[in-house]
Amino acid sequence: MKKRWEEPQILVQQFMANEYVAACGDSGTVYKFVCNAGKRDNEYNVFLNGEDGLAETDDDIPWTTSERYNPIHYQGYYHPCQTTHEASTNDEFIKGYMYQQGRKGVNTGSRIDVIVWTDNGTNTHCTKNLDMSSWETEKS
19 MKKRWEEPQI LVQQFMANEY VAACGDSGTV YKFVCNAGKR DNEYNVFLNG
69 EDGLAETDDD IPWTTSERYN PIHYQGYYHP CQTTHEASTN DEFIKGYMYQ
119 QGRKGVNTGS RIDVIVWTDN GTNTHCTKNL DMSSWETEKS
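When you line the sequence shown up against this note's numbering, it's residues 19 to 158, in that order.
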């Protein structure tokens, strides 16, 4: 029996990644940043920039201020813990600013721009390093 000649063909399948493909067991990446905004022995009022992303506009959210001024998000005041925190890159990091808290919770001094990590709304940590691309990362 004679074989019939056929022109050679190349078949290519495209790889399509899906949720069942893991990258070497990595479960995510974390940012490492230092809670270093302000001076350790001072108290600060922290504000989150609102939807417009700009500081000191009408849509800003008082985050840690005196209870009289902000009963909804009242968390007292902020002071830097100087600790290096590890937070998932999926966590919310919010641009904001802070002022030193003076007598009766009044803002004093000049504005300090910060990035705020609230640990899912349970705490407040601020860094003065505003360039997140320079933060150290680590696979978790």
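Beta carbons are placed, not taken as given, at the ideal position from N, Cα and C, and that holds for glycine.
| message | Taking the beta carbon of E37 as the centre, do at least 16 other beta carbons fall within 10 Å, making it buried, or is it exposed? | response | Bear in mind that a pLDDT of 45 at E37, under 50, signals an unreliable position, so the number given afterwards is only what the model happens to contain. E37 comes out exposed.
| task | Using a threshold of 7 Å, state whether the C-beta atoms of F65 and Y96 are closer than that. | result | Their beta carbons are not under 7 Å apart, which means F65 does not touch Y96 by this criterion.
| request: Please list, in chain order, all residues of the same chain as N141 whose beta carbon is under 6 Å from its beta carbon, the five residues on each side excluded. | output: Cβ neighbours of N141 within its own chain (closer than 6 Å, five residues either side excluded): none.
| Count the other CB atoms within 10 Å of the CB of I133; is the residue buried (16 or more) or exposed (fewer)? | Under the 10 Å beta carbon count, I133 is surrounded by 16 or more other beta carbons and is classified as buried.
| query | Between the C-alpha atoms of D149 and R121, what's the straight-line distance to the nearest angstrom? | reply | Taking the Cα positions, D149 is about 32 Å away from R121.
| From this set, L29, H143 and T102, which residue's C-alpha is nearest V52's C-alpha? | Closest by alpha carbon: T102.
| What's the gap between the Cα of Q118 and the Cα of T47? | Linking Q118 to T47 through their CA atoms gives a straight-line distance of about 33 Å.
| query | Do T145 and N60 have their C-beta atoms closer together than 7 Å? | reply | If you check the CB distance, T145 and N60 do not come in under 7 Å.
| Is R129 helix, strand or coil when you go by DSSP? | R129 falls in the strand class under three-state DSSP.
| Starting from Y117 and walking both ways along the beta strand (DSSP E), at which residues does that stretch end? | Boundaries of the beta strand (DSSP E) harbouring Y117: F111 to Q119, taken from the DSSP string.
| Strand pairing of W1, partner residues [DSSP] | The requested residue 1 does not occur in the structure, where the chain is confined to residues 19 to 158.
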